[in-house]
Structure formats: C-alpha cells, structure tokens
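Asks: Here it is, the structure in full.
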Amino acid sequence: MLVLSRKKDEAILIGDDIEIIVTEIAEDKVKIGVRAPKNMKVLRKELLEQVKEENIHSAESKVDLEALAKVMKK
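Every number in our numbering is 1 more than the matching position in the sequence shown, counting from 1.
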C-alpha cells in the first residue's frame, strides 16, 4: 500500500483521469473529493460491504415459497 501525506487542497492522481483532493481537515476526519469519469463507480467501502452482508443474509433466509405464492394470488 502506498501511503501519502497531503495538506488541504492538495491532490493525488491515479492514472490519467482520477483525482483525489483533500478538501477539509478536521479533528478526526478528512474530507476528500473524487474526480473520476462518470462511467467509473466510486463507492464508499463500508456501504458496499453492508450491501454484500445484506445479500448474504437474504440468501440464507428460509422462505416458504408455497405460502408466498398463496399470498400473491389473493
């Protein structure tokens, strides 16, 4: 892992078209801005992990499909 120090308003470039900018530094938080092509996904890692976890739980839940079909027919 590459670790870099940046000050407010300084940036890091990734490739030719991704820029990470430090926009604000507070006590225990750093706000960053991301400039990237619109076709590139930019996600917060914790949200992606939360969705993955929810999908795992949904797949594990046991659903009575016959009961569900009866409810849907009503």
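Just so you know, even glycine gets a beta-carbon here, dropped at the ideal spot from N, CA and C.
Nothing here was measured: the structure is a model prediction, and the numbers come from that model.
Out of H58, D18, V31, D17, which one is the CA nearest neighbour of R89?
Replies: This structure cannot settle anything about residue 89, because the visible part of the chain is limited to 2 through 75.
Asks: Would I15 and T24 qualify as a contact pair, given that the criterion is a beta-carbon distance under 8 Å?
Replies: no
Asks: Span of the beta strand (DSSP E) holding K32?
Replies: 31-36 is the span of the beta strand (DSSP E), which, as asked, contains K32.
Asks: How about R36 and E47: do their beta carbons lie closer than 8 Å?
Replies: Going by C-beta atoms, R36 is not nearer than 8 Å to E47.
Asks: Assuming V4 is part of the beta strand (DSSP E), what are its boundary residues?
Replies: No beta strand (DSSP E) contains V4, which DSSP labels as neither H nor E.
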